[in-house]
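So the structure is just underneath, and the comments pick up after that.
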Amino acid sequence: MSRSSTISARVSRQAAFVFCAAILAASCAPEPTTPATTSLAGAWTSTAHVLALSNFRLTVVQEGKGIVSGGWTANGDGGTGGCIAKTPCNASGNLIGQNLVSQVIIDLLITGQLTAAQFQGALVEPGKLRGILVIGTASDTITFSKTGG
């Protein structure tokens, strides 16, 4: 066997080892739907004006298996969040959602179990949720900051 064949075989074995190690490492990562180990419990606020809602406050309770619940309030311009069309009001309701390793999804509910809006995002750093707020077919970006435990 020539020297170049020996070197080539050694490089191939090393490449195969690196490839197998990478596959093994990737297979050890949690599934995206695994509940997060971080807690979202506490008060969260945003001064953003998203579509027809502003000055958001979320009071979140972290339950087992990544489930979050609680309540929400916001100033409504009218027509969303339970406000009558063209009549500003203080919108409010319950919230329910999931805190997963890959994302945070929170439904802001109004009368009964109707969804007024849905937050889709992630805990980007301790005390900061960033994502989009979806109202009907429209959406806009929003950031929530943790303001209390």
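Just so you know, we're using the working numbering here: the sequence shown kicks off at 1 and counts up by one.
The C-beta atom is built at its ideal place from N, Cα and C for all residues, glycine as well.
The model shown is predicted, which means the values in this text are computed figures rather than measured ones.
For G117 versus L129, is the C-beta distance shorter than 7 Å? As a working note, residue 117 is residue 117 in the sequence shown. As a working note, residue 129 is residue 129 in the sequence shown. Before going further, note that residue 117 is Ala rather than Gly in the sequence given. Taking 7 Å as the Cβ cut-off, A117 and L129 do not qualify as a contacting pair.
Could you tell me which whole beta strand (DSSP E) segments of length 3 or greater appear in the segment 88 to 128? 89 to 99, 104 to 110 and 114 to 125
Tell me G70's beta-bridge partners as DSSP assigns them. Here residue 70 refers to the residue found at position 70 when the sequence shown is read from its first residue. Bridge partners of G70: V60 and L95.
Could you tell me the alpha carbon to alpha carbon distance between A48 and T73, rounded to whole angstroms? Along the sequence shown, read from residue 1 onward, the residue named residue 48 stands at position 48. Along the sequence shown, read from residue 1 onward, the residue named residue 73 stands at position 73. Rounded to the nearest angstrom, the two C-alpha atoms are 13 Å apart.
Counted within 10 angstroms of its Cβ, other Cβ atoms place A85 as buried (16 or more) or exposed: Translated into the one-based positions of the sequence shown, residue 85 becomes position 85. A85 comes out exposed.
Do the segment 88 to 105 and the segment 139 to 148 meet, that is, are 3 or more Cβ pairs less than 8 Å apart? no
Rounded to the nearest angstrom, how far is the Cβ of V60 from that of G78, given a contact under 8 Å? For this step, residue 60 is matched to residue 60 along the sequence shown. For this step, residue 78 is matched to residue 78 along the sequence shown. With 8 Å as the limit, V60 and G78 do not qualify as a contact, their Cβ atoms being about 26 Å apart.
What's the C-alpha gap between G164 and G82? Summary: the structure shown does not reach residue 164, with the chain confined to residues 1 through 149, and so no result is reported for it.
Out of S54, G66, P126 and I132, which one is the CA nearest neighbour of Q120? Taking the first residue of the sequence shown as 1, we reach residue 120 at position 120. Ranking the options by Cα distance to Q120, first place goes to I132.
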